[in-house]
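Using the working numbering, you'd call the opening residue of the sequence shown number 114 and step up by one each time.
The beta carbon of each residue, even a glycine, is placed where N, CA and C say it ideally should be.
Since this is a predicted model, take the numbers as computed values, not measurements.
Report on one structure; see the data block that follows.
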Amino acid sequence: MTWSELFTQEVRVRESPYPMIPVETAIAIVLQHVQPLSPTTADFMEALGLVLAEDVYASEAMPPFAVSAVDGYAVIAADTSPIRRLIGAQLAGSVGTFVVTLGSTVHVMTGAPIPAGADAVVMVEQASEENGHVRLHVQPAVGDNIRPAGQDIAVGQLVLSRGTLLGSAEIGLLATVGRTRVNVHPRPRVAVLSTGDELVDPKDKPKPGQIRDANRYSLLSAVREAGGQPLDWGRVPDRAEAVQEALESAVRQADAVLTSGGVSMGELDLVKPYLAKRGTVHFGRVRARPGKPVTFATVEGVPVFAMPGFPVSALVSFEVYVRPALLRMAGHTYVHRPRQRVIIEHAIRHEPDRTEFQRAIVTRRADGRYTAHTTGYQGSGRLLSMVGANALLVLPAEQEMFPAGSELEAWLIAPVREEETPANS
Ligand code: AMP
Ligand code: MG
Numbered sequence: 114m115t116w117s118e119l120f121t122q123e124v125r126v127r128e129s130p131y132p133m134i135p136v137e138t139a140i141a142i143v144l145q146h147v148q149p150l151s152p153t154t155a156d157f158m159e160a161l162g163l164v165l166a167e168d169v170y171a172s173e174a175m176p177p178f179a180v181s182a183v184d185g186y187a188v189i190a191a192d193t194s195p196i197r198r199l200i201g202a203q204l205a206g207s208v209g210t211f212v213v214t215l216g217s218t219v220h221v222m223t224g225a226p227i228p229a230g231a232d233a234v235v236m237v238e239q240a241s242e243e244n245g246h247v248r249l250h251v252q253p254a255v256g257d258n259i260r261p262a263g264q265d266i267a268v269g270q271l272v273l274s275r276g277t278l279l280g281s282a283e284i285g286l287l288a289t290v291g292r293t294r295v296n297v298h299p300r301p302r303v304a305v306l307s308t309g310d311e312l313v314d315p316k317d318k319p320k321p322g323q324i325r326d327a328n329r330y331s332l333l334s335a336v337r338e339a340g341g342q343p344l345d346w347g348r349v350p351d352r353a354e355a356v357q358e359a360l361e362s363a364v365r366q367a368d369a370v371l372t373s374g375g376v377s378m379g380e381l382d383l384v385k386p387y388l389a390k391r392g393t394v395h396f397g398r399v400r401a402r403p404g405k406p407v408t409f410a411t412v413e414g415v416p417v418f419a420m421p422g423f424p425v426s427a428l429v430s431f432e433v434y435v436r437p438a439l440l441r442m443a444g445h446t447y448v449h450r451p452r453q454r455v456i457i458e459h460a461i462r463h464e465p466d467r468t469e470f471q472r473a474i475v476t477r478r479a480d481g482r483y484t485a486h487t488t489g490y491q492g493s494g495r496l497l498s499m500v501g502a503n504a505l506l507v508l509p510a511e512q513e514m515f516p517a518g519s520e521l522e523a524w525l526i527a528p529v530r531e532e533e534t535p536a537n538s
């Protein structure tokens, strides 16, 4: 081979075989290839943050019997006498044998069953007790301060439907209806590995040419934040057999696999070739900055996300492609971050060749406007640009300059900051 042939060969090989696709297309492709995981049963107290995989019905009414809504006196509303004989006290938690008749009353506690005969409760604040009698300061109406049986939940009512995300209120409802085991979609188990001969453990001091592995830890954390179960699959050297071995075991044991590094065009970028050989690469380049070489493949049905090595590229790619996928696997109905139109507080210039996700802080101003400023230098190695960011500001391709005051879309990755109203203003 002549030098010029070698050169031509090199140029041909170095051209990515993967077409560059738009971000929204890439997200759609990912979501087409992941499904909710098969339901399992869980103790209800382990189910916080999981998605219900069944409909839950109430087998009893709530309240199960008419109860007093206040501390007071159970009476007959039609009785007009202002003074009633006190015949006893009905506590919460048991049922007494009292019968309220004309001229009599029973002291009732909040949550106590309404004694037989009574059809209203007068609260203690509107009555006074004197020598075994009660003087009412108001004339009650039927039903006053009584919560009828089934007021909150009827027998047989659907209380939680499949697809519901279980939060604290839902856990309380499961307790109310006595469902201590429930069918839920499990947390996706996500193997996370990093590739790169230059990487050392965070606790070690890098030798010349080495850096600490950041991505494995940021991605393991991102998996946990997204409700997945992170599995630390370790650090893998840039050797084809090592990459293959790690990926084979990960694909066998996890619901999804995340790798970092080794997806660019270097000779030691071994992840893409392995995925192409072993499975189907659905995309290998996206028109995005950061994260152009992000790769999505399935190997025996298991989704594999190969993230670029630059720490910001890895995390932004996680946000854009992986998080929605993990949410879908966990059974969520809504998998996207909320999007918000924001007004940029300063001019922004970018390379208009790709859609860019700049890290930004979005604030809701006192006048109701949402404004955004970016977090400084936006290099894809500068993890500090993600610190404190609550949004990815989307700079569309094809436009280079965005003057201060322009309106752009932001994807909210954390709660919007609320402008604090200064005291004494
Ligand atoms: P790569 O995608 O493997 O070509 O890596 C791109 C850049 O990201 C290089 O400067 C790497 O040193 C850096 N990098 C790769 N993996 C990691 C990692 N796990 N933590 C921090 N930096 C990384
Ligand atoms: Mg590398």
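### Task
Mark SER207 as exposed unless 16 or more other C-beta atoms lie within 10 angstroms of its C-beta, in which case mark it buried.
exposed
### Query
Which of the three DSSP states, helix, strand or coil, is assigned to GLU311?
coil
### Query
Are the beta-carbon atoms belonging to VAL412 and ARG391 less than 7 Å from one another?
yes
### Task
Measure how close the beta-carbons of LEU360 and TYR387 come, nearest whole angstrom, since I'm counting them as under 8 Å.
6 Å
### Whole runs of the beta strand (DSSP E) within the region 137-167, excluding any shorter than 3 residues
153-156
#### Entry: Spatial neighbours of ALA304 in its chain, beta-carbon cut-off 6 Å, leaving aside the 5 residues before and after
LEU344, TRP346, ALA363, ALA367 and VAL370
### Query
Excluding the five sequence neighbours on either side, which residues of its own chain have a C-beta within less than 7 Å of the C-beta of PRO528, listed in chain order?
ASN503
### Query
Does the Cβ-Cβ distance between GLY397 and LYS385 come in under 7 Å?
yes
### Query
With distances taken from CA atoms, which of ARG300, ARG530, GLY269 and VAL183 is nearest MET236?
VAL183
### Message
Given this structure, state the Cα-to-Cα distance separating GLY539 from PRO226, to the nearest angstrom.
### Response
Summary: the structure shown does not reach residue 539, with the chain confined to residues 114 through 538, and so no result is reported for it.
### Message
I'd like to check one pair, GLU513 with PRO465: are the Cβ atoms closer than 7 Å?
### Response
yes
### Message
Which residue marks the beginning of the alpha helix (DSSP H) containing ILE284, and which one marks its end?
### Response
281-289
### Query
Is SER556 near the ligand AMP, going by C-beta to nearest heavy atom under 6 Å?
An answer regarding residue 556 cannot be provided, because it is not within the stretch 114 to 538 covered by the chain.
### Query
Where does SER217 sit, in a helix, a strand or coil, going by DSSP?
strand
### Message
Looking at the secondary structure, which residues open and close the alpha helix (DSSP H) in which ALA438 lies?
### Response
436-442
### Exposure label - TYR434; buried when at least 16 CB within 10 Å
buried
### Task
Drop a sphere of 10 angstroms on the beta-carbon of GLU283, count the other beta-carbons inside from all chains shown, and report buried for 16 or more, exposed for fewer.
buried
### Task
May I have the straight-line CA-CA distance separating GLU338 from GLN148, to the nearest angstrom?
20 Å
### Message
Runs of 3 residues minimum, wholly inside the region 159-209: which ones carry the beta strand (DSSP E) assignment?
### Response
185-188 and 196-203
#### Entry: the region 265-284 contacting the region 244-252, beta-carbon criterion three pairs below 8 Å
no
### Query
Taking the Cβ atom as the reference point for each residue, do LEU496 and PRO424 lie within a distance shorter than 7 Å?
yes
#### Entry: C-beta contact flag for LEU306 and THR372 at 7 Å
yes
### Task
Report the rounded CA-to-CA distance for ARG454 versus ALA460, giving the unit in angstroms.
16 Å
### Query
Would LEU215 be called buried (16 or more neighbouring beta carbons within 10 Å of its own) or exposed?
exposed
### Query
How many Å lie between VAL164 and HIS220 at the Cα?
44 Å
### Query
At a Cβ threshold of 7 Å, is LEU144 touching chain D?
The chain inventory of the structure shown lacks chain D, comprising one protein chain alone.
### Query
Can you tell which of LEU428, ASN258, GLY375 and GLY162 has its C-alpha closest to the C-alpha of GLN239?
ASN258
#### Entry: Residue of GLN471, ALA427 and GLY494 minimising C-alpha distance to THR488
GLN471
### Task
Name the two residues that bound the continuous beta strand (DSSP E) containing GLY365.
Going by the sequence as given, residue 365 is Arg instead of Gly. Not the beta strand (DSSP E): ARG365 falls in the alpha helix (DSSP H), residues 353-366.
### Query
Is GLU358 buried or exposed, if buried means 16 or more other CB atoms sit within 10 Å of its CB?
exposed
### Task
Give the DSSP bridge partners of SER274, in chain order.
Paired residues: none, contrary to the question.
### Query
So the alpha helix (DSSP H) ARG247 belongs to, where does it begin and stop?
Note on identity: in this sequence residue 247 is Val, with Arg being the wrong assignment. Premise fails: VAL247 lies in the beta strand (DSSP E), 246-249, not in any alpha helix (DSSP H).
### Query
Is the distance from the Cβ of ALA479 to the Cβ of LEU506 below 7 Å?
no
### Query
Nearest-angstrom Cα distance between GLU242 and ARG248?
6 Å
### Message
Which of the three DSSP states is assigned to LEU119 in this structure?
### Response
Confidence is the limiting factor: at LEU119 the pLDDT is only 49, short of 50, which leaves the residue's position unreliable, though a coordinate-based value still follows. Three-state result, LEU119: helix.
### Message
Is ALA327 near the ligand AMP - that is, is its Cβ less than 6 Å away from at least one heavy atom of it?
### Response
yes
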